[in-house]
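Numbering (my numbering), first residue to last: -14 to 553.
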């Protein structure tokens, strides 16, 4: 009997204990319900709103870059980007394992991103294919989202790459036209606040606010891709044939300043720019500076003719060498005296004759003439990274500098600066403004034409015609015969310059820069071309502007004239 009573007491205690537990649980549940529905209602309402509503960036479409004929050089493709909200990931480790198998990303790297609950947004992988994105979507992991993102693509690959440039991961222009015209090409991103599905996409019909994106404008260049291709092909050949370091070429309209080609070799593919050395990213035509050598004699002679210190038919008795202060300047092939006219000084590229002409002007007048031709300042072409070269003020010149400048030393120029100067001879005396932009397309059949560039007369028509005749003689029966084109009268000038030592003192034997600059046809020049080859190799006394650069000039000029239908 006693045992039964004890057992009954024990059962009652159990019932009381369970009842108390029930009351505690009920109280906790009740408190939780009250908390959720009343005390913290606004908090959970906001959290629910956060889960189902989202602010979306509506990316604008970047404008295209095209050549003068509408051929696409840079376009934008729509690809997918995977991102996550770590605060919504229930099992970061499991999610990392699943996603790593699809996207080929290290599990530990993914886990580090997905387990950081302090972040509300983290990129998983950007700009992937739609197929990869679909595989991630099928995993059905809450907190993993997919959005469209624009990826820049360059269909012509290496063609004109330093001009076009490229964009970074975030779509910002980093080099070339992509950088220079960033604000025009990029456009303005839009915004939308809307209800989202489990994959983070906008649910149609549930948009709360919407700000429409403004697409970027298309930019049309003056470049002709066919001429550009031939120029690049010719440069590659001359670099390989002569084991040179590099080469550059520019084709320009001497009247309008439009650049039809600006080529360099070696180049790079902007689709995979990270695989190339950064120095290749800049356009050599505006960033490579060098001593121009004998091509600069054009500027020397033109300045003297303009100032009246020499005449075009004046005859000079020239020794084989001349001393200027502490420096002796010699002829390369001549050891005896000779009589040359001003025309023949250019025709046969006489060093001594060029020095005599420069001395006739004196330092101040010569320096002013050089400045008038645009040296020592940027041309202002619409490309980033342009160098202005080096031209010291005449007041600081050592006594021998005027002799060095006469033959294209003690000055550094870019290929574009020199070509621009020669264009002043071709067009009758005007210093033109080079341009590489044809127009900016506004859409709806509207076009923003680029305004005509300013031009200024720097030499008279008479001076220009005289120098043009001299340059014609160079190609017909001088140092530039390798630039001759059948049935076309070509004007040009050769240049061979020793490269200065890296210390800046003296020059290196066996290291030279060969060049050729000119225009055609003689009667009415339609195109001007410059070719510069850095450190070509070859047998002794075979590496000259007339033997290395002139044949390349001929290839490019001949094709370009055919392209614009000047010759058949």
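Where is the CB? At the ideal position from N, CA and C, for every residue including glycine.
Residue 47 carries a coil assignment under DSSP once its states are collapsed to helix, strand and coil. Within the region 316 to 347, the beta strand (DSSP E) runs of at least 3 residues that lie entirely inside it are, in chain order, 323 to 326. Looking at the backbone, the Cα of residue 84 and that of residue 196 are separated by about 33 Å. Residue 451 sits buried, since 16 or more C-beta atoms from the chains shown fall within 10 Å of its C-beta.
A Cβ-Cβ contact shorter than 8 Å links residue 468 with residue 475. Considered as a whole, the region 105 to 172 harbours 115 to 123, 146 to 149, 161 to 165 and 167 to 171 as its complete alpha helix (DSSP H) runs of no fewer than 4 residues, in chain order.
With a cutoff of 8 Å on beta-carbon distance, residue 147 and residue 68 are scored as not near each other.
Residue pairing for residue 64: DSSP places it in a beta bridge opposite 134.
When only Cα atoms are considered, residue 295 and residue 342 end up about 7 Å apart. Assigned with DSSP and collapsed to three states, residue 410 falls in helix. For the options 496, 423, 305 and 44, the alpha carbon positioned closest to that of residue 322 is the one of 305. From the listed residues 353, 514 and 401, the smallest Cα separation to residue 372 is found for 401.
In the DSSP assignment, the residues bridged to residue 501 are 479 and 516. Here the C-alpha atom of residue 7 lies approximately 55 Å from the C-alpha atom of residue 114. If you draw a straight line from the Cα of residue 222 to the Cα of residue 132, it is about 45 Å long.
With distances taken between CA atoms, residue 125 lies nearest to 80 out of 100, 80 and 89. When C-beta atoms of the region 199 to 219 are compared with those of the region 239 to 257, three or more pairs fall below 8 Å, so the two segments count as touching.
The residue from 537, 158 and 101 with its alpha-carbon nearest to that of residue 75 is 101.
According to the DSSP assignment, residue 362 belongs to no beta strand (DSSP E), since it is labelled neither H nor E.
In the pairwise beta carbon analysis, the region 504 to 520 is classified as touching the region 538 to 552: at least three pairs are separated by under 8 Å. Taking a 10 Å sphere around the C-beta of residue 11, we find fewer than 16 other C-beta atoms and assign the residue as exposed.
In the three-state reduction of the DSSP assignment, residue 405 falls in the helix class.
Ranked by Cα distance from residue 139, the options 458, 163 and 551 are led by 163. Rounded to whole angstroms, the separation of the alpha carbons of residue 92 and residue 243 is 54 Å. With 16 or more other CB atoms across the displayed protein chains lying within 10 angstroms of its CB, residue 171 is buried.
Exposure of residue 447 is indicated by the presence of fewer than 16 other C-beta atoms within 10 angstroms of its C-beta. For residue 236, the enclosing beta strand (DSSP E) covers residues 231 to 237. Under the DSSP assignment, residue 310 falls outside any alpha helix (DSSP H); it carries neither an H nor an E label. Within the same chain, and ignoring the five residues on either side of residue 453 in sequence, the residues whose Cβ sits closer than 6 Å to its Cβ are 410 and 476. Beta bridge pairing from DSSP links residue 470 with 473.
Pairwise C-beta distances place the region 347 to 361 in contact with the region 386 to 397, as three or more of them are shorter than 8 Å. In the DSSP assignment, residue 375 is bridged to 397. Rounded to whole angstroms, the separation of the alpha carbons of residue 112 and residue 72 is 23 Å. With respect to the 8 Å criterion, residue 284 and residue 458 are not classified as neighbours on the basis of their beta carbons. Excluding its 5 nearest sequence neighbours in each direction, residue 207 has C-beta neighbours in its own chain below 6 Å: 53, 243, 244, 421 and 423, listed in chain order. Contact between residue 499 and residue 481 holds, since their C-beta atoms are separated by about 5 Å, short of 8 Å.
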